[in-house]
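*Asks:*
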Amino acid sequence: MWKSIPNIINSCVGFKSGRRVFTNASDISRDEYSLGEDDEFDNKRFKRTNAITRASKQIDDIIWESRTFCSFPVTIVVVAIPDGLPLAVTLTFAYSMKRTMADQAMVRNLSGCEIMGSTTVICTDKTGTLTMNQMKVTKFWLGHDNIKKDQYSQAIASDLLELFHQGIGFNTADLSLDIEKLKRNYTIIHVETFNSKKKRSGILIKKQVDNTNHVHWKGAAEMC
């Protein structure tokens, strides 16, 4: 059974007879005590020794050979080809992009590989995407008609417009609506948070005027 020894200077470590010890030190002292046959002990001292095993030397040679193998082609590209350094950098980025595509990550800009190399923290939302969590309605269609921003209140019936206010207002924090007024007129009974598997979220509210319940869902088109 192998045991590691802490790196402590000027310390004494005891071993049993027959144990093997691999060390890398400049000064080794070994004391061999007798097993009862003789009262004297033999003190042998080894100076300036380097007990690196043959396997560790081979591993070290392989590491240095790989470094030389990687740096040699880059040196040829930079020296032999005019303006070879940008080409070498482009080839390196292309290789990095190929590696990322193997992990199902698509890089549209080659310089993004360099940016990802210096990234320490990646923040994602509950869906696993990188977004600012901000959505804006650019066009609104009612049937086959495109409703403009200043005409939606006249084109949509008041009952339907009220339902839109409920469904959007209770699920959005930044709109030109009186959110506090909606909360006073309705009671939130249950809220189902967004589920990445179902790709939807919903809210169940109760209207205080006639005690009717309404359910509003939002999410992907697959929920319909």
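Just so it is clear: in the sequence shown, position 46 is 135 by my numbering, and no numbers are missing. Here a beta-carbon is modelled for each residue, glycine too, at the ideal position from N, C-alpha and C.
(1) What are the boundary residues of the beta strand (DSSP E) that includes V304?
(2) So, helix, strand or coil for K296, using DSSP?
(3) Classify I292: buried if its beta carbon has 16 or more other beta carbons within 10 angstroms, exposed otherwise.
(4) Report the rounded CA-to-CA distance for T282 versus T276, giving the unit in angstroms.
(5) If distances are taken between C-alpha atoms only, which option among K295, N300, E311, I278 comes closest to K288?
(6) Kindly indicate which residue of S185, H279, V178, G308 has the alpha-carbon position closest to the one of K286.
(7) Using the rule of at least 16 other Cβ atoms within 10 Å of the residue's Cβ for burial, across every protein chain shown, is D127 buried or exposed?
(8) What three-state label does DSSP hand D192 in the structure shown?
(9) Suppose you measure from the CA of A177 to the CA of K187; what does that come to, to the nearest Å?
(10) Check I211 in the structure and name its three-state DSSP category.
(11) Output yes or no for whether 7 Å exceeds the beta carbon distance between K296 and I278.
(12) Going straight from the alpha carbon of Q193 to that of I204, what length do you get?
(13) Looking only at its chain, what residues have a beta carbon closer than 8 Å to the beta carbon of K228, apart from the 5 residues adjacent to it on each side?
(14) Can you tell me where the beta strand (DSSP E) holding I245 begins and where it ends?
(15) For L249 and K272, I'd like the C-alpha separation in whole angstroms.
(16) Who does V280 pair with in a DSSP beta bridge?
(17) Once you ignore the five residues that flank M195 on each side, which residues in its own chain have a CB closer than 8 Å to its CB?
(18) With N235 as the anchor, note down where its beta strand (DSSP E) starts and where it stops.
*Replies:* The relevant details are as follows:
(1) 301-308
(2) strand
(3) buried
(4) 17 Å
(5) E311
(6) G308
(7) Residue placement at D127 is poorly supported in this model, since its pLDDT is 46, which falls under 50; the coordinates still yield a value, given next. Label assigned to D127: exposed.
(8) coil
(9) 15 Å
(10) coil
(11) no
(12) 18 Å
(13) N235
(14) Careful: I245 lies outside any beta strand (DSSP E) and carries neither H nor E.
(15) 18 Å
(16) I292
(17) T189
(18) 234-236
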